[in-house]
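Respectively, the protein sequence lines represent chains B and G. Following the working numbering, the numbering of the first sequence begins with 230 at its first residue and continues without gaps. Following the working numbering, the numbering of the second sequence begins with 413 at its first residue and continues without gaps. Built from N, CA and C at the ideal position, the CB exists for glycine as well.
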Amino acid sequence: MDRAATAEKIAELIEPFNKKGVAVTEATTFAGDLEWDSLTVMDFVAAIEDDFDIIISMNQQAEIETYGQLIDAVTKLQG
Amino acid sequence: MTDLFSKFDPLIEQRRALLAGGVEDPFNLVMERVISPTVAVCNGRETILLGTYNYMGMTFDPDVIAAGKQALDDFGAGTTGSRVLNGTYAGHRACEEALKEFYGMDHAMVFSTGYQANLGIISTIAGKGDYIVLDIDSHASIWDGCKMGDAEVVPFKHNDIVAMEKRLKRIPEGAGKLVILEGVYSMLGDIAPLKEMIRVAKENGAMVLVDEAHSMGFIGPNGRGVAEDQGCLEDVDFVIGTFSKSVGTVGGFCVSNHPKFEILRLVCRPYVFTASLPPSVVHTAATSIRKLMHGKAKRDKLWESSRVLHKGLRDLGFQLGTPEAQSAIIAVIMPDLERGAAMWEALLHEGLYVNLARPPATPAGMTLLRCSLCAEHTADQVQTIIGMFERAGKAVGII
């Protein structure tokens, strides 16, 4: 799946987690803008992992701060 | 200059606001005198202890105390050395022999604390390119062991066998895999479906480490823990445990049947680069572990107390962490930190000590009053405790 298709899919997956209805851009941060706690992060990561059939380890998650970085990482992890 | 402490400001403020309400500081309690495994004088009041991990009441066992006193006379106050240099005394070996016998395993390695046992074993055996798959509610010492090592760390939802299996199946071909589970999860006092989880882990080529800190001594026919109770102990590669709970002193350990296990004594940094336990501690531990092998009467009594307390609190209308008593920990769920702290203080004034647990130690941001029972609690004490909860709960408006 290319970056555009990956981005589209992630946009769908983030919907139920974006409870405050924040307008999400590539620069949106998960901790700052979306104010997610660790539990929400875990559930969201699990949803992405299950949908794309990939692993995003804690080590990789530590590098992902923005929505754009997540799309890049998931695009890459699909090989 | 940036003050490095500014990152703690939100916590400092939360604490200030809580104490400004006049509540006694739940994290600054002093035990002035300890009368027995179940009673102490705290902040000037005689108090029933319902928040220790003294499950089997071994802290005041006469044989255990005698062994410690003798060791002080025979070996002195401390070893002043690492296990691999001048810090291995007869008592450390005696402890490891007792553990091998207790678990029926080939190898045992004693650490200075349970925290260090997890830190050391996990960070040493899972290295670069390996994968650790662990329950999201794992203890801080497990997370810190993961952080200290170089493995890829992959958490899964608490006790979720399907989530664990999916993650195991996605790990690249040929990578080393370590699954980390706990027998009893100490915040809610719930147990893991170890038999099924370990079967799935093994089918996917993973080694398995189980932390049995909160089950040693009283869960399972021989007190070996939840894995023994569920009949899957032989499939566990590494059992981590502690002396600071049922054993009644301090220290940690790992037992294993792995044929190359002994090499860890040379490569495990939290084992090598710290002083070994004092002789009095290892002699009390060895004596206690041997007595725990014959603790069936105490185990039965502890289970009875747990069931009575669980039912008593549930009948009063408190929300509990488990639908039935699964261990010696009964977690009472509080609506928020403020009322949790108020309830904690009301119980202390009644003469009862429980643990106030709050995030980040607790799952899902919960505030808990954690009760942990001791085999030495009498049936009368348990009834007294239920009465204290009823009065305090009504006073604070939780029930």
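Chain G contact for residue i (CB, 8 Å cutoff)
{"i": "M271 of chain B", "result": "yes"}
{"i": "N288 of chain B", "result": "yes"}
{"i": "D282 of chain B", "result": "yes"}
{"i": "L242 of chain B", "result": "no"}
{"i": "D301 of chain B", "result": "no"}
{"i": "D262 of chain B", "result": "no"}
{"i": "A275 of chain B", "result": "yes"}
{"i": "D279 of chain B", "result": "yes"}
Interface flag, residue i vs chain B, CB-CB below 8 Å
{"i": "I573 of chain G", "result": "no"}
{"i": "A776 of chain G", "result": "yes"}
{"i": "K569 of chain G", "result": "yes"}
{"i": "V565 of chain G", "result": "yes"}
Beta carbon of residue i nearer than 8 Å to that of residue j
{"i": "Q290 of chain B", "j": "V303 of chain B", "result": "no"}
{"i": "I742 of chain G", "j": "L760 of chain G", "result": "no"}
{"i": "V435 of chain G", "j": "A753 of chain G", "result": "yes"}
{"i": "I610 of chain G", "j": "I544 of chain G", "result": "no"}
{"i": "A252 of chain B", "j": "T295 of chain B", "result": "no"}
{"i": "S700 of chain G", "j": "V638 of chain G", "result": "no"}
{"i": "S739 of chain G", "j": "S627 of chain G", "result": "yes"}
{"i": "I821 of chain G", "j": "K569 of chain G", "result": "As shown, chain G starts at 413 and ends at 811. That puts residue 821 of chain G outside it, with no answer to give."}
{"i": "R770 of chain G", "j": "I810 of chain G", "result": "no"}
{"i": "V651 of chain G", "j": "V667 of chain G", "result": "yes"}
{"i": "L721 of chain G", "j": "I798 of chain G", "result": "yes"}
{"i": "T654 of chain G", "j": "G526 of chain G", "result": "yes"}
{"i": "F665 of chain G", "j": "A520 of chain G", "result": "yes"}
{"i": "G635 of chain G", "j": "R711 of chain G", "result": "yes"}
{"i": "Y765 of chain G", "j": "L431 of chain G", "result": "no"}
{"i": "L287 of chain B", "j": "V565 of chain G", "result": "Correcting the residue identity first, residue 287 of chain B is Met in this sequence and not Leu. Their beta carbons are under 8 Å apart, which means M287 of chain B touches V565 of chain G by this criterion."}
{"i": "L714 of chain G", "j": "Y467 of chain G", "result": "yes"}
Chain-order list of residues whose beta-carbon lies under 7 Å from that of residue i (same chain, five-residue window excluded)
{"i": "E802 of chain G", "result": "L728"}
{"i": "A489 of chain G", "result": "P690"}
{"i": "I573 of chain G", "result": "P605, E608, M609, V612"}
{"i": "N247 of chain B", "result": "V253, L263"}
{"i": "T269 of chain B", "result": "F246"}
{"i": "M778 of chain G", "result": "I745"}
Cut-off 6 Å between Cβ atoms - residues of its own chain near residue i, not counting five sequence neighbours on either side
{"i": "T696 of chain G", "result": "V476, A479, G480, T661"}
{"i": "M619 of chain G", "result": "L590, D649"}
{"i": "E703 of chain G", "result": "Sequence check: residue 703 of chain G is Lys here, not Glu. Excluding residues within five positions, none has a Cβ falling inside 6 Å."}
{"i": "D518 of chain G", "result": "N669"}
{"i": "V453 of chain G", "result": "E444, R445"}
{"i": "A236 of chain B", "result": "I300"}
{"i": "G469 of chain G", "result": "P449, C786, A787, E788"}
{"i": "A538 of chain G", "result": "I544, G561, A563, L590"}
Assigned exposure category for residue i - 16 Cβ within 10 Å defines buried
{"i": "I447 of chain G", "result": "exposed"}
{"i": "S550 of chain G", "result": "buried"}
{"i": "D562 of chain G", "result": "exposed"}
{"i": "L678 of chain G", "result": "exposed"}
{"i": "L416 of chain G", "result": "exposed"}
{"i": "H789 of chain G", "result": "buried"}
{"i": "I675 of chain G", "result": "exposed"}
{"i": "A804 of chain G", "result": "buried"}
{"i": "N530 of chain G", "result": "buried"}
{"i": "N440 of chain G", "result": "exposed"}
{"i": "R782 of chain G", "result": "buried"}
{"i": "P567 of chain G", "result": "buried"}
{"i": "D421 of chain G", "result": "exposed"}
{"i": "S553 of chain G", "result": "buried"}
{"i": "H504 of chain G", "result": "buried"}
{"i": "D602 of chain G", "result": "buried"}
Other residues of its chain near residue i: CB distance less than 8 Å, five sequence neighbours each side excluded
{"i": "A687 of chain G", "result": "G490, T491, T492, G493, S494, G499, S524"}
{"i": "T536 of chain G", "result": "G561, L676, V679, C680, R681"}
{"i": "K238 of chain B", "result": "M230, D280, F281"}
{"i": "I285 of chain B", "result": "V274, I277, E278, I293, A302, V303, L306"}
Neighbour list for residue i in chain C, Cβ cutoff strictly below 8 Å
{"i": "D266 of chain B", "result": "This model lacks chain C altogether, as its protein chains are B and G."}
Going along the chain, which residues of the segment 574-605 of chain G sit with their C-beta nearer than 8 Å to a C-beta in chain B?
A575, K578, R579, R582, I583
Please list, in chain order, the residues of the segment 515-548 of chain G that have any C-beta partner in chain B closer than 7 Å.
I548
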